[in-house]
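Student: Per the numbering used here, residue 378 is the first one in the sequence shown, and the count goes up by one each step. Cβ atoms here follow ideal geometry from the backbone N, Cα and C, with glycine treated the same way. Questions regarding the structure given below will be posed in turn.
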Amino acid sequence: MLSAGMLKKPAEQSAKLNMPRQRMPEQDPLERITNFQEVPYGYTEELAVIEAFRCLQCKDPKCVKGCPVHVNIPWFIGLIAEGKFIEAAWKLKETNLLPSICGRVCRQEDQCEKLCIRGKSGQPVSIGALERFAADYEREKATATFPEIPAWTGRKVAVAGSGPAGLTVAGDLVKKGHRVTIFEALHVPGGVLMYGIPEFRLPKNIVAAEIDYLKKMGVEFEFNAVIGKLFTIDDLFTEGYDAVFVGTGAGLPIFMDIPGENLVGVYSSNEYLTRVNLMQAYKFPEYDTPVLRGSKVVVVGGGNTALDASRTARRLCYEDVTVVYRRSRDELPARKEEIQHAEEEGVKFQFFTAPTRFIGDHEGRLIKAELVRMELSEPDESGRRRPLPVDGSEFQIDADIVIIAVGNLINPLIQHTSPDIEVSRCGNIIVEPSTEKTSKKGVFAGGDIVRGGATVILAMGDGRKAANNIHEYLTNSSW
Ligand code: FAD
Ligand code: SF4
378 MLSAGMLKKP AEQSAKLNMP RQRMPEQDPL ERITNFQEVP YGYTEELAVI EAFRCLQCKD
438 PKCVKGCPVH VNIPWFIGLI AEGKFIEAAW KLKETNLLPS ICGRVCRQED QCEKLCIRGK
498 SGQPVSIGAL ERFAADYERE KATATFPEIP AWTGRKVAVA GSGPAGLTVA GDLVKKGHRV
558 TIFEALHVPG GVLMYGIPEF RLPKNIVAAE IDYLKKMGVE FEFNAVIGKL FTIDDLFTEG
618 YDAVFVGTGA GLPIFMDIPG ENLVGVYSSN EYLTRVNLMQ AYKFPEYDTP VLRGSKVVVV
678 GGGNTALDAS RTARRLCYED VTVVYRRSRD ELPARKEEIQ HAEEEGVKFQ FFTAPTRFIG
738 DHEGRLIKAE LVRMELSEPD ESGRRRPLPV DGSEFQIDAD IVIIAVGNLI NPLIQHTSPD
798 IEVSRCGNII VEPSTEKTSK KGVFAGGDIV RGGATVILAM GDGRKAANNI HEYLTNSSW
């Protein structure tokens with residue numbers, strides 16, 4: 378096997394600088410639209426070592442500043458360059474308990490890789506792909522090792538929601554010796570990682586394996602347990618929990634409030650993706666839940682959710698899938714990799730376009746979508762140009778499925794049952810940013826319930842901060 382040591386010292390620096398960024402091999406687009414298997418195969422050992430060798434091992438590594446959980450990036454990459462793949466995974470796990478997941482879905486291009494010094498005059502180190510490689514290698518090749526868990530402190534913490542925020546809080550607090558139970562509304566843990574992000578981007582066995590690791594560390598789970606229904610937050614304190622973390626995400630779909638949204642064939646992205654990912658509708662009738670396949674699919678929106686829905690539909694529908702987005706291609710908020718993958722898979726795009734209504738047949742089934750062209754307004758006070766409809770530019774296209782992916786709101790259940798937790802006008806829980814503590818004593822919150830739809834790593838960063846402060850709260854009487 379190749380190792381970085383084989384590259385001789387004098388030529389080392391220029392060899393590093395001349396090496397191009399290594400791409401992960403991936404499934405051919407024509408092949409992958411016929412299946413739900415993961416698209417990139419991941420690095421081979423050889424490719425990982427070459428890519429790791431590109432890292433300059435900066436003294437002041439800017440990449441670490443871009444990581445919300447402060448992974449020691451040069452250290453773990455240095456271990457990969459030396460061929461010490463398992464040690465690299467251990468290093469990662471010191472700060473990130475979900476590295477296989479983050480390596481796949483984090484927005485590295487806006488975080489660590491954006492700040493990587495190599496990106497200034499070329500391409501940044503492929504930090505995410507290396508993270509994925511090390512974590513996968515350890516999971517597949519090594520017996521898992523666990524951090525030493527201290528004796529029980531006598532304190533119990535309840536966590537509402539098992540998305541990345543809740544999982545991180547739980548893992549970090551168990552490592553500090555507290556007992557943690559996660560209460561999850563669904564029958565499986567993982568939040569959006571499980572019900573939102575499709576199998577071809579994040580295989581569910583990988584999410585399950587990382588959660589299993591937490592279980593083995595001692596995190597307990599209660600499923601089908603809706604906080605606000607089964608227990609209120611006050612009930613949890615009565616039950617003997619000393620602190621509560623709320624990480625219930627932003628899972629309430631937003632609709633557009635235009636005619637025809639109730640027609641058969643119009644889905645929210647939540648419903649569509651949940652049917653396919655969580656209930657495995659793509660294996661119907663082997664699995665109970667069906668999903669309409671359709672011939673002409675229109676997806677409304679431009680974020681990760683819209684792109685995930687479009688690529689899922691591409692694998693299920695009989696003809697074509699069109700993403701309708703009201704701004705330009707450059708403004709698509711989805712990850713660049715996802716946009717590229719969608720285009721390679723034949724997803725079509727209509728930019729500067731928005732729906733005005735959906736049209737059905739006499740049985741209430743969707744048959745067409747009416748769209749309108751958009752143009753950008755003059756810049757407003759904030760300098761942003763808003764998309765506005767162009768009068769008279771309406772046109773219709775055939776559609777038997779529409780998937781609306783224009784954002785999510787907070788489910789108001791917890792705020793209704795715990796009115797002493799302060800929330801914003803949109804219903805997001807308000808926290809003290811440096812601690813994640815809410816207006817209610819002993820209650821902390823983080824992730825999408827605080828930020829609105831954000832990212833996995835930001836949710837994890839909130840979880841990390843909350844865990845440190847919950848620990849302070851439980852152990853420091855001056856809090
Ligand atoms: P969630 O992941 O939403 O988890 C919340 C959990 O709480 C859920 O399991 C829910 O069932 C549970 N819950 C809700 N209410 C209750 C209750 N009352 N009691 C008990 N449990 C409850 N981010 C990225 O970084 N990269 C991506 O590529 C990416 N792609 C995405 C694709 C899709 C389709 C979607 C929807 C989001 C995507 N995101 C992505 C965003 C990211 O997934 C979220 O920001 C992140 O999951 C938020 O984590 P969380 O822990 O706050 O909440
Ligand atoms: Fe390596 Fe880039 Fe981080 Fe420097 S900034 S240590 S080159 S990954």
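Would you call Lys385 buried or exposed, if buried means 16 or more other Cβ atoms sit within 10 Å of its Cβ?
Tutor: For Lys385, the predicted model reports a pLDDT of 48, less than 50, meaning its position is unreliable; a value from the coordinates is still stated below. Lys385 is exposed by the Cβ-count criterion.
Student: Closest to Glu721 by C-alpha separation, out of Arg734, Leu407 and Arg481, would be which residue?
Tutor: Here the closest residue by C-alpha is Leu407.
Student: Flag this pair as yes or no: are the beta carbons of Leu591 and Gly624 separated by less than 7 Å?
Tutor: Not in contact: Leu591 and Gly624 (Cβ atoms no closer than 7 Å).
Student: Among Val536, Met571, Met396 and Arg742, whose alpha-carbon lies nearest the alpha-carbon of Tyr618?
Tutor: The shortest C-alpha separation from Tyr618 is found at Val536.
Student: Residues in its own chain within less than 7 Å of Phe523 by CB, not counting five upstream and five downstream?
Tutor: Within the same chain, Phe523 has close Cβ partners Lys593 and Met594.
Student: Are there any heavy atoms of the ligand FAD lying less than 6 Å away from the beta-carbon of Pro541, as far as the coordinates show?
Tutor: Yes, since a heavy atom of the ligand FAD falls inside the 6 Å radius drawn around the Cβ of Pro541.
Student: Exposed or buried, what is Val767 when buried is set at 16 or more other beta-carbons lying within 10 Å of its beta-carbon?
Tutor: Under this definition Val767 is an exposed residue.
Student: Is there at least one non-hydrogen atom of the ligand FAD closer than 6 Å to the beta-carbon of Gly626?
Tutor: Yes - the ligand FAD has a heavy atom lying nearer than 6 Å to the Cβ of Gly626.
Student: Distance check for Glu576 and Val668, CA to CA, integer angstroms please.
Tutor: Rounded to whole angstroms, Val668 to Glu576 spans 16 Å at the Cα level.
Student: If I'm right that Leu743 touches Leu640 with Cβ under 8 Å, what's the distance once you round it to whole angstroms?
Tutor: At roughly 4 Å, the Cβ-Cβ gap stays under 8 Å, so Leu743 and Leu640 are in contact.
Student: Measure the alpha-carbon distance for Cys489 versus Lys713 and round it to whole angstroms.
Tutor: Using only the alpha carbons, I get a separation of about 15 Å.
Student: Which word fits His447, buried or exposed, when buried means at least 16 other C-beta atoms lie within 10 angstroms of its C-beta?
Tutor: Its Cβ having fewer than 16 others within 10 Å, His447 is exposed.
Student: Report yes if the C-beta of Leu475 is less than 6 Å from at least one heavy atom of the ligand FAD; otherwise report no.
Tutor: No, Cβ of Leu475 sits at least 6 Å from all heavy atoms of the ligand FAD.
Student: Which residue marks the beginning of the beta strand (DSSP E) containing Asp775, and which one marks its end?
Tutor: Unbroken beta strand (DSSP E) run through Asp775: Phe772 to Asp775.
Student: From the DSSP output, in three-state form, read off Tyr649 for me.
Tutor: Helix.
Student: At the level of alpha carbons, what is the spacing between Val700 and Trp856?
Tutor: Spanning the two alpha carbons is a distance of roughly 50 Å.
Student: Flag this pair as touching only if the segment 508-518 and the segment 418-436 have three or more C-beta atom pairs under 8 Å; answer yes or no.
Tutor: Because the criterion of three Cβ pairs below 8 Å is met, the segment 508-518 and the segment 418-436 touch.
Student: Per DSSP, which one or two residues make a beta bridge with Leu327?
Tutor: With the chain covering only 378 through 856, there is no way to say anything about residue 327.
Student: Could you check whether the Cβ of Ala844 sits closer than 6 Å to any heavy atom belonging to the ligand FAD?
Tutor: No, since every heavy atom of the ligand FAD falls outside the 6 Å radius drawn around the Cβ of Ala844.
Student: Can you say whether Glu758 is buried or exposed, counting buried as having 16 or more other CB atoms within 10 angstroms of its CB?
Tutor: Exposed, since its Cβ has fewer than 16 Cβ neighbours within 10 Å.
Student: Just tell me which of Arg703, Ile826, Ile781 and Tyr572 has its CA closest to the CA of Ile798.
Tutor: Among Arg703, Ile826, Ile781 and Tyr572, the Cα nearest to that of Ile798 is on Ile826.
Student: Can you give me the C-alpha to C-alpha distance between Ala633 and Gly567, rounded to a whole angstrom?
Tutor: A quick correction: the sequence has Met, not Ala, at residue 633. About 28 Å.
Student: List, from N- to C-terminal side, the beta strand (DSSP E) runs of 3 residues or more that fit wholly inside the segment 452-537.
Tutor: Entirely contained in the segment 452-537, the beta strand (DSSP E) runs reaching 3 residues are, in chain order, 533-537.
Student: Could you say if the segment 469-488 and the segment 420-438 meet the contact criterion of at least three C-beta pairs nearer than 8 Å?
Tutor: Counting Cβ pairs under 8 Å, fewer than three are found: no touch.
Student: Counting only the same chain and skipping the five closest in sequence on each side, list residues whose C-beta sits under 8 Å from that of Leu765.
Tutor: Same-chain partners within the cutoff: Met751, Glu752, Leu753 and Ser754.
Student: Look at the Cβ atom of Asn654, then the Cβ atom of Pro630, and state whether they are nearer than 7 Å.
Tutor: Result no, Cβ atoms of Asn654 and Pro630 do not sit closer than 7 Å.
Student: Below 8 Å on the Cβ atoms is my guess for Val677 versus Pro732; work out the distance and round it to an integer in Å.
Tutor: Val677 to Pro732, Cβ: 6 Å. Contact.
Student: Is the beta carbon of Ile778 sitting closer than 7 Å to the one on Gly671?
Tutor: Their beta carbons are under 7 Å apart, which means Ile778 touches Gly671 by this criterion.
Student: Report the residue from Ala425, Asn788, Val800 and Leu550 whose alpha carbon sits nearest the alpha carbon of Arg532.
Tutor: Ranking the options by Cα distance to Arg532, first place goes to Leu550.
Student: Taking C-beta to C-beta, are Val820 and Pro541 nearer than 7 Å?
Tutor: No, Cβ-Cβ distance for Val820 and Pro541 is not below 7 Å.
Student: Kindly indicate which three-state DSSP category Gly382 falls into: helix, strand or coil?
Tutor: A caution first: Gly382 carries a pLDDT of 49, below 50, which makes its placement in the model unreliable, though a value can still be read off. Helix.
Student: Report whether the distance from the Cβ of Gly734 to the nearest heavy atom of the ligand SF4 is below 6 Å.
Tutor: Reading off the sequence shown, one finds Arg at residue 734, where the question assumed Gly. No, since every heavy atom of the ligand SF4 falls outside the 6 Å radius drawn around the Cβ of Arg734.
Student: Let me confirm a value: Ala843 is counted as buried when at least 16 other C-beta atoms fall within 10 Å, else exposed. Which label applies?
Tutor: With 16 or more Cβ atoms within 10 Å of its Cβ, Ala843 is classed as buried.
Student: Indicate whether Gly680 and Tyr702 have their beta-carbon atoms separated by less than 7 Å.
Tutor: No, these two residues do not count as a Cβ contact at 7 Å.
Student: Along the chain, where does the alpha helix (DSSP H) that runs through Lys442 open and close?
Tutor: It spans Lys439 to Lys442 - the alpha helix (DSSP H) in which Lys442 sits, taken as one unbroken run.
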